[in-house]
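Going by UniProt numbering, 90 is the number at position 90 of the sequence shown; the sequence numbering is gapless. Below is one structure, written out as structure tokens; the observations come after it.
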Amino acid sequence: MMIRRVPFDHPDAVKLNDQVQAEYHVRYGDGGDATELAPADFQPPNGVYLIAYDALDSPVATGGWRAQDANGEGNLDGDAELKRMYVIEQMRGRGLARRVLSALEEDARAAGRLRMVLETGTKQPEAIALYTSSGYEPCAKFGYYRDYEDSRCFAKPLARG
Numbered sequence: 001m002m003i004r005r006v007p008f009d010h011p012d013a014v015k016l017n018d019q020v021q022a023e024y025h026v027r028y029g030d031g032g033d034a035t036e037l038a039p040a041d042f043q044p045p046n047g048v049y050l051i052a053y054d055a056l057d058s059p060v061a062t063g064g065w066r067a068q069d070a071n072g073e074g075n076l077d078g079d080a081e082l083k084r085m086y087v088i089e090q091m092r093g094r095g096l097a098r099r100v101l102s103a104l105e106e107d108a109r110a111a112g113r114l115r116m117v118l119e120t121g122t123k124q125p126e127a128i129a130l131y132t133s134s135g136y137e138p139c140a141k142f143g144y145y146r147d148y149e150d151s152r153c154f155a156k157p158l159a160r161g
């Protein structure tokens with residue numbers, strides 16, 4: 001597997017984003033994640049977007065982070081918000097999400113971000129299991145879905161230890 005930095009509007013990123021949005025719709029019945037995202041959100045040094053490719057150069061997993069600082073949505077100065085973590089169905093269970101997550105954490109740490117934060121939902125138990133097994137702990141709700149009952153927010157310090 002090869003992990004590459006790509007723009008958020010790269011054709012492979014758009015393809016995988018459409019797939020994850022469709023999955024969100026199946027799970028939640030709401031049309032997908034309504035959080036506003038722009039390609040500029042994922043441009044270094046204030047973010048990055050990664051795609052994992054298989055041996056045939058097909059995109060199989062994705063994820064990104066974007067810088068967040070204290071705002072009216074509950075973020076804190078130094079936050080790196082994890083977005084659009086996704087592995088195509090036929091490649092799940094192979095550790096790809098964990099590898100993408102690790103690469104995103106390292107990139108955010110190198111950019112000087114202090115903690116990685118994410119929002120997921122109760123209908124994504126495999127995501128919650130990935131994050132809690134990777135050192136994430138529940139935190140105060142933030143972001144677009146902070147007032148939704150099914151929303152769950154997690155954080156992990158990024159400081160070198």
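Quick reminder that beta carbons are idealized off the backbone N, C-alpha and C, glycines included. Owing to the predicted nature of the structure, the values given are computational and were not obtained by experimental measurement.
- Message: Using C-beta distances below 8 angstroms, list every residue in its chain close to glycine 135, excluding the 5 sequence neighbours before and after it, in chain order.
- Response: In the sequence shown, residue 135 corresponds to position 135, counting from 1. Close CB contacts of glycine 135 within its chain, under the 8 angstroms cut and outside five residues either way in sequence, are with Lys156 (chain order).
- From Arg4, Ala111, Asp41, residue whose alpha carbon lies closest to that of leucine 158: Locating residue 158 in the sequence shown gives position 158, where the first residue counts as 1. Among Arg4, Ala111, Asp41, the Cα nearest to that of leucine 158 is on Ala111.
- Task: Look at the alpha carbon of alanine 34 and the alpha carbon of methionine 1, and state the distance between them as a whole number of angstroms.
- Result: Residue mapping note: residue 34 aligns to position 34 of the sequence shown, counting from 1. Residue mapping note: residue 1 aligns to position 1 of the sequence shown, counting from 1. Their Cα atoms are separated by approximately 30 angstroms.
- Message: Measuring straight from C-alpha to C-alpha, what distance separates methionine 116 and leucine 56?
- Response: One-based indexing of the sequence shown puts residue 116 at position 116. One-based indexing of the sequence shown puts residue 56 at position 56. Each residue's alpha carbon lies about 31 angstroms from the other.
- Got a sec? Which residues, its chain only, sit under 6 angstroms from aspartate 69 by beta carbon, not counting five neighbours each side? By 1-based counting over the sequence shown, the position of residue 69 is 69. Here the set comprises Asp77.
- Task: Determine the direct distance from the alpha carbon of aspartate 79 to that of alanine 40, and round the result to whole angstroms.
- Result: Along the sequence shown, read from residue 1 onward, the residue named residue 40 stands at position 40. Along the sequence shown, read from residue 1 onward, the residue named residue 79 stands at position 79. Roughly 17 angstroms separates the two Cα atoms.
- Item | In chain order, each beta strand (DSSP E) run of at least 3 residues that lies wholly inside the segment 70-146 | 79-87, 115-121
- With a CB to CB cut of under 7 angstroms and the five nearest residues on each side skipped, what residues in its chain are close to glycine 121? In the sequence shown, the residue the question calls residue 121 occupies position 121. So the list reads Tyr28, Asp150, Ser151, Arg152, once near-sequence residues are dropped.
- Item | Beta-carbon proximity list for glutamate 73, same chain, < 8 angstroms, skipping 5 on both sides | By one-based count along the sequence shown, residue 73 stands at place 73. Cβ within range, chain order: Phe142, Gly143, Tyr144, Arg146.
- Task: State the Cα-Cα distance for the pair residue 226 and glutamate 89, rounded to the nearest angstrom.
- Result: Nothing can be reported for residue 226: it is not among the residues displayed for the chain, which extend from 1 to 161.
- Item | Straight-line Cα distance separating valine 20 from valine 26 | Within the sequence shown, numbered from 1, the residue matching residue 26 stands at position 26. Within the sequence shown, numbered from 1, the residue matching residue 20 stands at position 20. Cα to Cα, valine 26 sits roughly 10 angstroms from valine 20.
- Contacts around isoleucine 3, its chain only, beta-carbon distance under 6 angstroms, and the 5 residues preceding and following it disregarded: What you label residue 3 is simply residue 3 of the sequence shown in a count that begins at 1. Apart from the 5 residues on each side of it in sequence, isoleucine 3 sits with its Cβ closer than 6 angstroms to the Cβ of Leu50, Ala52, Ala103 in its chain, given in chain order.
- Task: Tell me serine 151's beta-bridge partners as DSSP assigns them.
- Result: Here residue 151 refers to the residue found at position 151 when the sequence shown is read from its first residue. Paired residue(s): Gly121.
- Can you tell me whether asparagine 75 is buried or exposed, with buried defined as 16 or more other CB within 10 angstroms of its CB? Here residue 75 is taken as the residue at index 75 of the sequence shown, counted from 1. Per the 10 Å Cβ criterion, buried.
- Item | Contacting residues, own chain, Cβ-Cβ under 6 angstroms from serine 133 (five flanking each side not counted) | Sequence index remark: in the sequence shown, residue 133 carries index 133 (1-based). Taken in chain order, the list of residues that qualify is empty.
- Item | Sheet register partners of leucine 50 (DSSP bridge) | Locating residue 50 in the sequence shown gives position 50, counting from the first residue. For leucine 50, which the question treats as bridged, DSSP gives the partners Arg5, Gly63.
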